[in-house]
Amino acid sequence: MAGAAVATVFAGTTSTAQASDFSTLDSNKTISLPGGRGTMTFIDDGDMFKVCDTKADGHGVSGRLIDNNYNEKLYITDGGDSDCGKKGYDVGQFGSYQMQLSWNGDGYDVKSEWFNE
């Protein structure tokens, strides 16, 4: 009977850990320029980055992904069309990355927190 109680406690602990791990898989991240000018999104499922110019003001937007050594890993622009710019890059778990989004009108930019998978 004591063995059955231990097995039940262990099974409950395992399912909680699995649920917790599953929730970390959905870690999409988005940064936005002020005034509704544009967004940059990291889509965790497939490691896709999407940059969208969201304001018809005559200026596009540019997104960059840099690593913790400040090396540019990805550069995406968008503007003047109806679609967003998209590119893939596997961020993995062993480094840290930051998204940077710039408005091409005055160079104003926003940065994400550092992240990985």
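Numbering (mature numbering (1 follows the signal peptide of the UniProt record, and there is no 0)) for the sequence shown: -19 to -1, 1 to 98.
Backbone N, C-alpha and C fix where the C-beta goes; we use that ideal spot for every residue, glycine too.
Note down, in chain order, each residue of its chain lying with its Cβ closer than 6 Å to the Cβ of S8, except the 5 sequence neighbours on either side. D25
Between the CA atoms of A37 and E94 - distance to the nearest angstrom: Roughly 28 Å between the two C-alpha positions.
Pull up the distance between the alpha-carbon of G61 and that of G41, whole angstroms please.
7 Å
ask   = Distance, Cα to Cα, P15 vs N50?
value = 27 Å
Integer-rounded CB distance, given that I47 should sit under 8 Å from Q81 | With 8 Å as the limit, Q81 and I47 qualify as a contact, their Cβ atoms being about 7 Å apart.
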